[in-house]
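Residue numbers (the numbering used here), protein chains in the order written: chain Y, 4 to 234; chain F, 780 to 1275.
Written out as structure tokens, the structure is:
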């Protein structure tokens, strides 16, 4: 599904990302962890062609992301508020997305129905612009937007941050459900080790731009991560 | 404590992104401001002589006293548009262990330190020294000048209250208009001359200290009015209001006809209406519709030989294209907060830019239609507007966007538009030359070799060709954005 080959990002002398080889198969739930400044967001941004790689390639279904745009149809992402149109109300925002993805009203309604529990009646039907929402609610809008149009790959940066505990649990359920039912590939970065180890099949540990561990054994994940982060 | 606050203010202004990133712009603006103030001061130096010229045989002081009200009207206007409210900083100070009263006092006093506050002083001090002191003595000079300065500062405090109270609401604009129309219009139409009504008051100011004391009291009252209003509302929810979705906020059905680009144009319209900065741009453009009145009715600009003044091309370009140029020069900066959204969609950039084109052309069409009443002054103005309009939307628009794509900078759309140079770089200053030069480059040779109307036809024909080649021409700019997408998006994320 996704291949990263010899990827490198350099700002002048400082190498912030250096990934030799990374393959992510379809419908894998891929977790990315690492301390601040490890390069998680940069990696996601390069994979989404928002930032130019100094060298190397990212392929989504065999397409180089910096060369074509077809992959964008199959990819959803929510990294930060820059991906929202904060001057719209959530309803207007979803309608706009619906039009961009050629969804009918019913399709959109069906899609949003999946998020009913997560939204907790605080998002839809409110006359409030996205910029005036709380951080948690803004995140919920972004996550729901990333999943519009039945994407095959979804990138989420810190999806659990700013969410209340019940929303975190609902989001986890939602991700697992999408993964099992629609075979969506998730790429999730998070600082919350409990959540990532619970939902991810595989966790990659990033340190100073390099992959230092690739954990696939679910039972041993938590212990290994614990050992790393407690130092 | 006060010193610490002042230091913080200083650091804030020095370190703000717009300052540090464009020293050049800052220097240029500083220079312009200085130049402007120098002009005001020079005008002040010659005020006495100018007044003698205007009303021969009359005492300049009498003339000035009869007209000074109109200066204050103008001051009222420019203060309304230019004066900045000091509440923006409140958010970062409120939670600190500093008394609210102290913070408010500091913010208010700081707001007073501005070029706007010295305008009256610069303009009238030389006059007071040259004309009043020799004739009526020092006491008269102090009384008169003091009264003028007190009124000017009262306006400052009053405006702080007024703008915060009615900010951005239609009511506020209507009230400002009402004041101007009532005072200026009534004199113009000869109902009553407000200037002469208040003349005795200023007359008295040079004879006794009563007006000075009176205006001083007014000034203090105005200060405390602003002070108590700010103090009472020193909560984030009150001063930084959340807006509700309003009228004009809706989609324009007909835009959807243009497919995805139409959808983006709808989005852009919402962006314009829902942000303070863009809204002000739009409102100002409506003002500029009146620009023609200055030129078209002026006998100095009447034609002598069947043609028309060359400057009318400039006026036409301005009237039909002011919004396009004003708004368009910051082309992508308007989307700096959500550029990634478009990057992340298939053909998102293309749709965004097409949508922007559509909205710019659309607004330009509306302005052209709104300008048709100028036909009252002669058919020639309709032709001028038509030709410049076609040229604007056919040719200039591409030129402008081409220049605007040279290092776009991020900006905060919720700040006011006046004297806010966020997002402005060297490109925005330099692009004026081709934008105003291009129509003349077409018009002047044709008008020289044939006549003015052939020149107009040339503009119209070239503009129409440009419109027909729209897809091709816009593709150049779309490609440019596509090529520079990484630089633009990282500068919008402020990663430089």
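Cβ coordinates follow ideal geometry from the N, Cα and C atoms, glycine included. In this text the structure is predicted, and so the values were computed from the model without any measurement.
Residue 1118 of chain F has a beta carbon lying within less than 9 angstroms of a beta carbon in chain Y. Per DSSP, residue 212 of chain Y lies in no beta strand (DSSP E) segment and is marked neither H nor E. Burial check for residue 985 of chain F: the Cβ neighbour count within 10 Å reaches 16 or more, so the residue is buried. Out of F/1160, F/897, F/1176 and F/1102, the CA that lies nearest to the CA of residue 812 of chain F is found in F/897. Residue 195 of chain Y has its alpha-carbon roughly 8 angstroms from the corresponding atom of residue 163 of chain Y. The beta carbon of residue 139 of chain Y sits closer than 6 angstroms to those of 165 and 166, all from its chain and outside the five residues before and after it, given in chain order. Rounded to whole angstroms, the gap between the alpha carbons of residue 40 of chain Y and residue 7 of chain Y is 20 angstroms. Chain order gives the chain F residues near residue 86 of chain Y as 1117, 1119, 1120 and 1123, where near means a beta carbon separation below 8 angstroms. Sequence-distant partners of residue 852 of chain F (beyond 5 residues in either direction) whose C-beta falls short of 8 angstroms from its own C-beta, in its chain, are 958, 959, 962 and 963. Taking 9 angstroms as the CB threshold, residue 1215 of chain F stays off the interface with chain Y.
Residues of chain F with a Cβ closer than 8 angstroms to the Cβ of residue 99 of chain Y are, in chain order, 1042 and 1046. Per DSSP, the beta-bridge partners of residue 6 of chain Y are Y/26 and Y/62.
Bounds of the beta strand (DSSP E) holding residue 36 of chain Y are 32-36. Against chain F, a Cβ distance below 9 angstroms from residue 73 of chain Y picks out 1125. Closer than 9 angstroms at the C-beta level to chain F, one finds these residues of the region 40-66 of chain Y: 48, 51, 52, 53, 54 and 55. Assignment of beta-bridge partners to residue 55 of chain Y by DSSP yields no partner. At a Cβ-Cβ threshold of 9 angstroms, residue 1057 of chain F and residue 1192 of chain F count as neighbours.
Classified as buried, residue 170 of chain Y has 16 or more neighbouring CB atoms from the shown chains inside 10 Å of its CB.
Of all residues in the region 102-136 of chain Y, only 102, 103, 104, 130, 131, 132, 134 and 135 come within less than 9 angstroms of chain F when Cβ atoms are compared, listed by chain position. In this structure residue 192 of chain Y is buried. Its beta-carbon is surrounded by 16 or more other beta-carbon atoms within 10 angstroms. The beta carbon of residue 1013 of chain F sits closer than 6 angstroms to those of 879, all from its chain and outside the five residues before and after it, given in chain order. Per DSSP, reduced to three states, the secondary structure at residue 13 of chain Y is strand.
Among the bridge pairs identified by DSSP, residue 205 of chain Y is matched with Y/33. DSSP places residue 192 of chain Y inside the beta strand (DSSP E), whose first and last residues are 188-192. Along the length of the region 1062-1116 of chain F, whole alpha helix (DSSP H) runs at least 4 residues long occupy 1070-1075 and 1090-1107, reported in chain order. Against chain Y, the CB of residue 1130 of chain F has a partner CB under 9 angstroms away; the residue lies at that interface. Across the region 1258-1272 of chain F, CB contacts with chain Y closer than 9 angstroms involve 1264, 1265, 1266, 1268, 1269, 1271 and 1272, in sequence order along the chain.
Close to residue 1049 of chain F, with beta-carbon spacing below 9 angstroms, are these residues of chain Y in chain order: 88, 90, 91 and 95. Going by C-alpha positions, residue 124 of chain Y is about 17 angstroms away from residue 177 of chain Y. In this structure, residue 103 of chain Y places its C-beta atom within 9 angstroms of the C-beta atom of residue 152 of chain Y.
Note on residue 1220 of chain F: under 16 other CB atoms within 10 angstroms of its CB, so exposed under the neighbour-count rule. Classified as exposed, residue 65 of chain Y has fewer than 16 neighbouring CB atoms from the shown chains inside 10 Å of its CB. Cβ atoms of residue 190 of chain Y and residue 47 of chain Y come within 8 angstroms of each other, at about 7 angstroms.
Within the region 207-229 of chain Y, no residue places its CB atom closer than 9 angstroms to a CB of chain F.
Pairing residue 81 of chain Y with residue 159 of chain Y gives a Cβ-Cβ distance under 9 angstroms.
Our two residues, residue 1237 of chain F and residue 88 of chain Y, have alpha carbons roughly 42 angstroms apart in a direct line.
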